[in-house]
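Using my numbering, read the sequence shown as starting at 1 and increasing by one per residue.
Cβ atoms here follow ideal geometry from the backbone N, Cα and C, with glycine treated the same way.
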Amino acid sequence: MKRMYKILCCAFMLTIFMACKSQQLQVCEKVTSYTQVPWIKQIVENGKNPSGGGQLISIDRVTYVIEDSNTEGYGFEINYELICCDIPNRYVFDCDGNNLTFYGGIAGCNGECSIKILSRTNIYTANQ
């Protein structure tokens, strides 16, 4: 009886975990404005690249695939003005705000460099 109870509990927890994960992806997929995601709103309010001070240019909600692992997901690409050859100016984040990769600077690419953007929708463009 205890074993059956443990199996049912594990199945229930797995079901909840998967439901929450898919809900998060659906929420991220439906973002149409930077104000819907608190960590992105903070980036817009700051307006400068934390790596070197370049101005924020745009933010796109993206669908991507990491070709090395064949992992698909939703996230955000954040673009800053290029001000120096050793400072990254383009970043790709997952829905939770975890940096997947950044481009620019001396390294060229750092992180998941096999990431390929499949689609994009602009959710913020700086007034220029």
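Practice item. Return the CA-CA distance between Y80 and Y91, expressed in angstroms with no decimal places. Key: 9 Å
Review point. Would you report the Cα separation of N70 and T63, rounded to the nearest angstrom?
Key: The alpha-carbon atoms of N70 and T63 are separated by roughly 13 Å.
Review point. Helix, strand or coil for C28 per DSSP?
Key: helix
Exercise for review: If I'm right that I123 touches T32 with Cβ under 8 Å, what's the distance once you round it to whole angstroms?
Suggested key: With a contact defined as Cβ atoms closer than 8 Å, I123 and T32 qualify at about 6 Å.
Check your understanding: So what's N46 in DSSP terms, helix, strand or just coil?
Key -> helix
**Study point:** In DSSP terms, what Y124 is bridged to
**Key:** I59
Practice item. Kindly indicate which three-state DSSP category I66 falls into: helix, strand or coil? Key: strand
**Study point:** Among T125, N127 and I117, the one whose alpha carbon lies nearest that of N72
**Key:** Reading off the sequence, residue 72 comes out as Glu, not Asn. Comparing Cα-Cα distances from E72 to each of T125, N127 and I117, the minimum goes to I117.
Check your understanding: Among the residues of its own chain, which have a CB less than 7 Å from the CB of G75, if the five just before and after it don't count?
Key -> V62, Y64, V92, F93, D94, C95 and L100
**Study point:** Pair within 8 Å by beta-carbon distance, I106 and N49
**Key:** no
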